[in-house]
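Written below as structure tokens is the structure these notes are about.
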Amino acid sequence: MLSKEQTMPNAALSQKLKPSKQLAVVLGSEKPVSRAEAVKGIWDYVKQHDLQNPENRREILADENLKPLFGKSKITMFEVGKIVNSNLESEGSSKHTQKAA
Numbered sequence: 004m005l006s007k008e009q010t011m012p013n014a015a016l017s018q019k020l021k022p023s024k025q026l027a028v029v030l031g032s033e034k035p036v037s038r039a040e041a042v043k044g045i046w047d048y049v050k051q052h053d054l055q056n057p058e059n060r061r062e063i064l065a066d067e068n069l070k071p072l073f074g075k076s077k078i079t080m081f082e083v084g085k086i087v088n089s090n091l092e093s094e095g096s097s098k099h100t101q102k103a104a
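In this text, residue positions in the sequence shown follow the working numbering: the first is 4, and each later residue adds one.
Structure representation (structure tokens):
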């Protein structure tokens with residue numbers, strides 16, 4: 004039994020899932036990742052390529068690798084989780100349906 008200080012990890016968030024081709028380009032790998040790792044990977048990419056809007060830091064400006072993933076030229080930071088969820092699938096599933104905006 005876990006004490007109050009210990010918490011059970013959320014299995015859904017830590018489960019390794021296969022990234023879509025568009026997400027794999029941004030992450031630099033096709034190996035399975037957790038949702039948290041995928042979100043961190045996108046943020047690392049955004050920071051490395053200086054893609055936050057300098058006038059509104061909540062916006063991410065898409066480059067040639069992010070446009071296919073986002074489906075538009077910019078998103079807000081609050082959309083990252085939704086995009087990650089729609090671009091991860093369990094092994095053997097074929098969930099990837101990228102929507103253009």
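No residue lacks a Cβ here, since even glycine has one placed at the ideal position from N, Cα and C. As the structure is a prediction and not an experimental result, all values here were calculated from the model.
Within the DSSP bridge table, the entry for Gln55 names Ile63 as partners. Shown here for Val87: same chain residues with a beta carbon closer than 8 Å to its own, the five before and five after excluded, namely Leu26, Arg38, Ala41, Val42 and Ile45 in chain order. Between Leu20 and Ser89, the gap from beta carbon to beta carbon reaches 8 Å or more. Nearest Cα to Glu67 within the set Gln55, Phe81, Glu58 and Val28: Val28. C-alpha of Leu69 to C-alpha of Glu62: approximately 13 Å in a straight line. When DSSP states are grouped into helix, strand and coil, Lys77 belongs to the strand group.
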